[in-house]
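Structure, as structure tokens:
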Amino acid sequence: MNADIEGSTKINPWHERRLGEDKLRRNDHRSPFQRDRARILHSAAFRRLQAKTQVHGIGMNDFFRTRLTHSLEVSQIGTGIAAQLKRKFPDIEQLLDSMSLIESLCLAHDIGHPPFGHGGEVALNYMMRHHGGFEGNGQTFRILARLEPYTEYWGMNLTRRTLLGVLKYPALYSQLHVDLGHPEITSHRQLRPSQWPSVKGLFNDDKDIFDWVLSGLSVNDRNRFITIKNSTNQHYPHHRTQYKSFDCSIMELADDIAYAVHDLEDAIVMGIVTPLQWQQDVADKLSQSNDPWLTHEFTHIADKLFSHQHHLRKDAIGTLVNGFVTAINIEQDDKFDEPLLKYNASLEPDFAIALHTLKQFVYKYVIRKPEMQMLEYKGQQIVMELFEAFESDPQRLLPLNTQERWLHAKENNLNPMRIIADYISGMTDEFAGKLHQQLFGPKSSGIFEISLER
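In this text, residue positions in the sequence shown follow the numbering used here: the first is 40, and each later residue adds one.
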């Protein structure tokens with residue numbers, strides 16, 4: 040059945056929603072995944088991505104990407120990957136029968152990221168260290184399945200397959216967390232991100248939703264899908280998940296390509312990276328690749344990438360994206376029965392090396408640039424001080440609707456601190472900054488100048 044066309048009345052478990060729906064809307068012939076895409080596009084959480092920066096700009100520059108434009112580019116790349124795979128692997132065409140599904144995953148993948156990027160995530164994770172931690176992908180799952188007020192209790196009430204597709208790390212915090220034994224800081228200004236890495240998984244608070252998603256799998260598939268392994272990375276000591284769904288593997292590749300290539304474009308335009316740095320860190324390495332296409336392109340592409348002629352740079356960026364998209368194959372794991380788990384999309388080895396090299400280049404010269412880290416550090420401080428203020432007297436400082444959620448969690452033996460994390464993580468960079476100024480700035484804004492309700 041083509042999932043982008045209204046099919047038979049037989050119930051497909053991957054089309055099921057946690058809350059049954061019978062909206063009976065006039066002449067509505069959309070597929071389940073077209074409905075999911077519409078709910079994501081029209082959500083407040085998605086709109087807020089326009090005010091969350093992907094790569095912070097230095098000074099006045101309206102060119103660089105936000106998380107919204109990044110998500111749109113990921114969606115475009117994701118559907119390009121799906122179209123390529125559909126043509127190259129006709130035997131599994133039935134798994135690629137909905138571009139709306141891939142669009143939904145790509146549009147939603149960053150929806151849970153807090154203000155100020157990694158700085159905000161580190162801050163919330165530290166403030167939630169005794170209450171289940173914080174991580175952006177876990178928050179994405181929580182927003183989609185619980186928080187966004189499309190329904191009263193079940194968030195956007197998306198299909199089971201869409202929720203499976205956003206599970207980059209299918210395990211709970213309690214299964215993955217490793218106590219690192221670091222002493223708690225005595226001042227917010229002393230927090231070092233390297234000492235408090237977020238657990239890449241789901242929050243224990245959302246176990247019921249996670250269980251519902253996994254109920255579409257056999258017992259054997261479920262048990263294998265959620266298995267974890269000890270980390271061998273000295274920079275990331277927590278346990279790791281091992282598997283993801285086919286849909287998720289496409290989304291993750293699209294995200295990596297957009298991050299590596301499009302963020303590189305921002306860095307070039309803003310003058311953050313130079314041709315010499317490119318030559319030393321990228322071209323010299325990749326011009327020795329075993330793949331002839333990579334060898335040729337990375338020997339010659341710098342002239343276009345760093346050209347002052349916009350159309351030449353755009354052509355180079357398009358060439359890189361196309362190179363990666365067309366170098367994706369499908370791996371098969373026959374230990375799974377469910378086709379959505381049995382197959383995963385993956386880059387050819389030489390192209391995987393090339394993508395990693397580009398990502399490391401962006402990380403080294405853009406993300407780790409001291410000016411960028413100062414902005415991240417400032418955001419980190421803002422988020423921690425906001426959390427501390429709300430935690431000190433929630434029923435005084437939180438907006439009324441959030442107070443009600445906090446009180447409900449407290450009275451029902453849930454996790455009230457998660458409510459504070461939900462509120463702060465949903466803020467845009469600008470809103471968080473204004474609210475911090477309202478609470479702590481020497482010159483307070485007028486009382487009606489900022490609306491607290493979300």
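All residues carry an ideal CB built from backbone N, CA and C; glycine is no exception.
Margin query: Please report the straight-line C-alpha distance between residue 462 and residue 79, rounded to a whole angstrom.
Written below: 19 Å
Note to self: Could you tell me the alpha carbon to alpha carbon distance between residue 384 and residue 474, rounded to whole angstroms?
What the structure shows: 43 Å
Next item on the list: State yes or no: is the C-beta of residue 255 within less than 8 Å of the C-beta of residue 215?
Entry: no
Next item on the list: Report the three-state DSSP secondary structure of residue 191 (helix, strand or coil).
Entry: coil
Next item on the list: Report buried or exposed for residue 50, applying the criterion of at least 16 other Cβ atoms within 10 angstroms of its Cβ.
Entry: exposed
Next item on the list: Just confirm the distance between the C-beta atoms of residue 176 and residue 151, as a whole number of angstroms; I'd bet it's less than 8 Å.
Entry: 7 Å
Item checked: Cβ-Cβ distance between residue 144 and residue 201 below 8 Å -> yes
Item checked: C-alpha gap between residue 418 and residue 352, whole angstroms -> 32 Å
Check: Can you tell which of 357, 435, 447, 257 has the C-alpha that lies nearest to the C-alpha of residue 381?
Finding: 257
Check: Since residue 368 is in the beta strand (DSSP E), which residue starts that stretch and which ends it?
Finding: 367 to 371
Margin query: Spatial neighbours of residue 371 within its chain, please: C-beta separation below 7 Å, excluding the five flanking residues on both sides.
Written below: 381, 382
Checklist line | Proximity test, Cβ basis, 8 Å: residue 136 and chain C | finding: Annotation note: the requested chain C is absent from the structure, which comprises a single protein chain.
Notebook entry, point to check: Should residue 295 go down as buried or exposed, given a rule of 16 or more other Cβ atoms within 10 Å for buried?
Noted result: buried
Note to self: Does residue 275 come out as helix, strand or coil in the three-state DSSP assignment?
What the structure shows: strand
Checklist line | Backbone secondary structure at residue 199 - three-state DSSP | finding: helix
Checklist line | At least 3 beta-carbon pairs within less than 8 Å: the region 383 to 403 vs the region 298 to 306 | finding: yes
Item checked: Close-in-space but distant-in-sequence residues of the same chain around residue 55 (CB under 6 Å, 5 per side omitted) -> 199
Notebook entry, point to check: If you drop the 5 nearest sequence neighbours on each side, which residues of the same chain put their C-beta closer than 7 Å to that of residue 469?
Noted result: 90
Checklist line | Cβ pair count under 8 Å reaching 3, the region 202 to 222 against the region 156 to 170 | finding: no
Next item on the list: Could you tell me the distance, in whole angstroms, from the CA atom of residue 355 to the CA atom of residue 306?
Entry: 14 Å
Next item on the list: Could you tell me the distance, in whole angstroms, from the CA atom of residue 58 to the CA atom of residue 107?
Entry: 28 Å
Next item on the list: Output the distance between the C-alpha atoms of residue 396 and residue 390, rounded to the nearest integer angstrom.
Entry: 10 Å
Note to self: Three Cβ pairs or more, each shorter than 8 Å: is that satisfied between the region 107 to 118 and the region 178 to 189?
What the structure shows: no
Next item on the list: Assign residue 348 to one of two classes, buried (16 or more other C-beta atoms within 10 Å of its C-beta) or exposed (fewer than that).
Entry: exposed
Checklist line | Element boundaries [beta strand (DSSP E), containing residue 385] | finding: 382 to 386
Notebook entry, point to check: If you drop the 5 nearest sequence neighbours on each side, which residues of the same chain put their C-beta closer than 8 Å to that of residue 163?
Noted result: 153, 173, 422, 426, 460, 463, 464
Checklist line | Cβ separation of residue 228 and residue 420, assumed to be a contact under 8 Å, to the nearest whole Å | finding: 7 Å
Item checked: One or two residues paired with residue 267 in a DSSP bridge -> 280
Margin query: Looking only at its chain, what residues have a beta carbon closer than 6 Å to the beta carbon of residue 466, apart from the 5 residues adjacent to it on each side?
Written below: 154
Check: At what residues does the alpha helix (DSSP H) containing residue 404 begin and finish?
Finding: Run containing residue 404: none; DSSP gives neither H nor E here.
Check: For residue 85 versus residue 181, is the C-beta spacing smaller than 8 Å?
Finding: no
Note to self: As an exercise, report each continuous alpha helix (DSSP H) stretch of at least 4 residues that is fully enclosed by the region 328 to 375, in chain order.
What the structure shows: 331 to 339, 341 to 344, 349 to 364
Check: Which value, in whole angstroms, describes the spacing of the CA atoms of residue 405 and residue 411?
Finding: 7 Å
Check: In or out: residue 457 buried (at least 16 other Cβ within 10 Å) or exposed?
Finding: buried
Notebook entry, point to check: Cα separation between residue 293 and residue 206?
Noted result: 15 Å
Next item on the list: State the start and end residues of the unbroken alpha helix (DSSP H) segment that holds residue 128.
Entry: It is not in any alpha helix (DSSP H) - residue 128 carries neither H nor E in the DSSP assignment.
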